[in-house]
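Here the structure is laid out as structure tokens; the discussion comes afterwards.
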Amino acid sequence: MSFTADRLLLFGATGDLAQRMLLPSLCALGVDKLIAPDLRIIGTARQDLDDQGYRNFTRAALEKFLPPDRRGSMAEFLNRLHYQPLDANDTAHFHSLAEKVGPIERGLSIFLSTAPSLFEPTIAGLVAGGLTGDKVRIGLEKPLGTDLETSREINDAVASAFSEDRIFRIDHYLGKETVQNLLALRFANIMFEPLWNAAHIDHVQITVAETVGLESRAGYYDGAGALRDMVQNHMLQLLALVAMEPPASFDATAVRDEKVKALRALRLTHPDETVTGQYRKGAIDGQPVAGYDDELGRDSDTETYVAIKAHIDNWRWKGVPFYLRTGKRMPQRRTEIVVQFRQVPHSIFAGRGARTEPNRLVIGIQPEENISLSLMAKVPGLDRDGIRLRAVPLDIAMPDAFAGPTKRIAYERLLLDLIEGDQTLFVRRDEVEAQWDWIDAIRASWAEHGVRPKSYTAGSWGPSAAVALTERDGATWHE
Ligand code: NAP
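Under our numbering, read the sequence shown as residues 10 to 488, first letter to last.
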């Protein structure tokens, strides 16, 4: 059912994500008048606060995490906020929450920014409190389970109270402008799609590199590892957007139908086509940093790095490896997609001594949003000693190309879509399950072959075996 909610209920309203992303995004949307003036935002968590206490709490978060030029006066936004203390494990608390929310007239959007272990009791509480129904939709933060089975349990619990068209599974990468731009690049230009296949593309690389280590996430991260923390969700979503067939329209069903087909075509990966690593002490930006075990305070077999040579078994991508890699304590924070085209079939310049390099498209997602296409050009000169060619980049720095529009937090887009009910940039159940299916098979093969992470020095690009993973195919990681 199509409706724009006039109430937003935020679980985990005092958490890290709420402070750093959700509250700043909502305030910025309010300042830009993108949400209705009468949208009420009700926060809830166990902490004992009243409305005013939560407004003070939010003011402090906004002052810390939202740039002054996007805050406006804050007063108007703060006045929208209400708060109800609640323990999600106690169904009785949901009656007072329902009273605080008030009658659902135009619609209610709920955002669960709590640990997934609370999703099931929260759903039970929402049912008990009468906070479900046709005019209620729900957004869920990752991680959705730790494997296919647990993800199904969560999905079943949510489905018992909400139909799929009212479930919004969040992958905040899909809210990023450059990720959406990938679709514009592929499907709003004539020149890429005819080349976007095995005949013209040698391989694709997707890198999500972080400089941070464990931070304060030990409890979650050590049980998850890089494969489940990054590859299962963000990286497979990026892969699906690169690999999918053209959807007929930019709408939720069309886009997600095509993504899920690509995800289901992923071939089971052999352990030889994966490399796992765990960082040891080293240096980032010249500053010494501890190893993973030292940060954790004990030994662990959790991978903080993973590289995978993935294959998509369909007509378009036959024989084209998708190299995925993600790691903590890498030398740079960088998320990018590299599309490496093939060599020209015949170089007319070879007899004149010139070498050609294959074209390469680099889509930078963070920290910089840019698109760079390397093209061969002739080095100026009279060429008495032969022709020289060199790869030159055709660069589009997105912030420069579009100087006017504000650079937004990915959650601004996603929260607005949740309030207004557009599911295009949210992940459907069959996608999540196809993702887990593939990830579970990799983990099972690691267990079967006794795969343990190799050491790498913090501040390096991961274990040397990851270099071999690409180089034995004649490819090189883009660094
Ligand atoms: P967090 O800082 O630990 O916050 C958890 C929130 O849940 C707090 O508001 C906490 O407040 C509340 N809470 C805990 N137990 C509760 C209970 N029994 N009943 C009601 N509320 C309860 O976690 P976070 O970092 O904000 O992350 C929230 C979710 O988003 C997690 O699933 C996380 O994996 C996911 N996520 C986070 C990030 C990020 O950057 N932080 C990024 C992607 C995904 P009280 O203790 O006062 O109850």
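Cβ atoms here follow ideal geometry from the backbone N, Cα and C, with glycine treated the same way.
For I405, the enclosing beta strand (DSSP E) starts and ends at L398 to A406.
In this structure, the C-beta of F66 stays at least 7 Å away from each heavy atom of the ligand NAP. Going by DSSP, K387 is part of the beta strand (DSSP E) stretching over N379 to K387.
Taking the Cβ atoms as the reference, R361 lies roughly 32 Å from I405, outside the contact range of under 8 Å. With a cutoff of 7 Å, N379 does not count as near the ligand NAP, since its C-beta is closer than that to no heavy atom of the ligand.
Straight across, the Cα-Cα distance linking R342 with V136 is about 42 Å.
Across the structure, I448 and M407 are spaced so that their CA atoms are roughly 33 Å apart. Taking non-hydrogen atoms of the ligand NAP into account, the C-beta of D303 is found less than 7 Å away from none of them. Not one heavy atom of the ligand NAP falls within 7 Å of the beta-carbon of R79. The beta carbon of D211 sits closer than 6 Å to the beta carbons of Q349 and R351 from its chain, once the five residues preceding and following it are set aside; these are given in chain order. A heavy atom of the ligand NAP is found nearer than 7 Å to the CB of P125. Relative to the ligand NAP, even the nearest heavy atom lies 7 Å or more away from the CB of L140.
For the pair L370 and A27, the Cα-to-Cα distance works out to about 35 Å. Taking non-hydrogen atoms of the ligand NAP into account, the C-beta of Y229 is found less than 7 Å away from one of them. G139 sits in coil when the DSSP states are folded into three classes, being neither helix nor strand. In the three-state reduction of the DSSP assignment, R226 falls in the coil class, being assigned neither a helical nor a strand state. Assignment of beta-bridge partners to T216 by DSSP yields R334 and E345. Here F12 carries a coil assignment [DSSP, helix/strand/coil]. In terms of Cβ geometry, Y230 and A467 do not form a close pair [threshold 8 Å].
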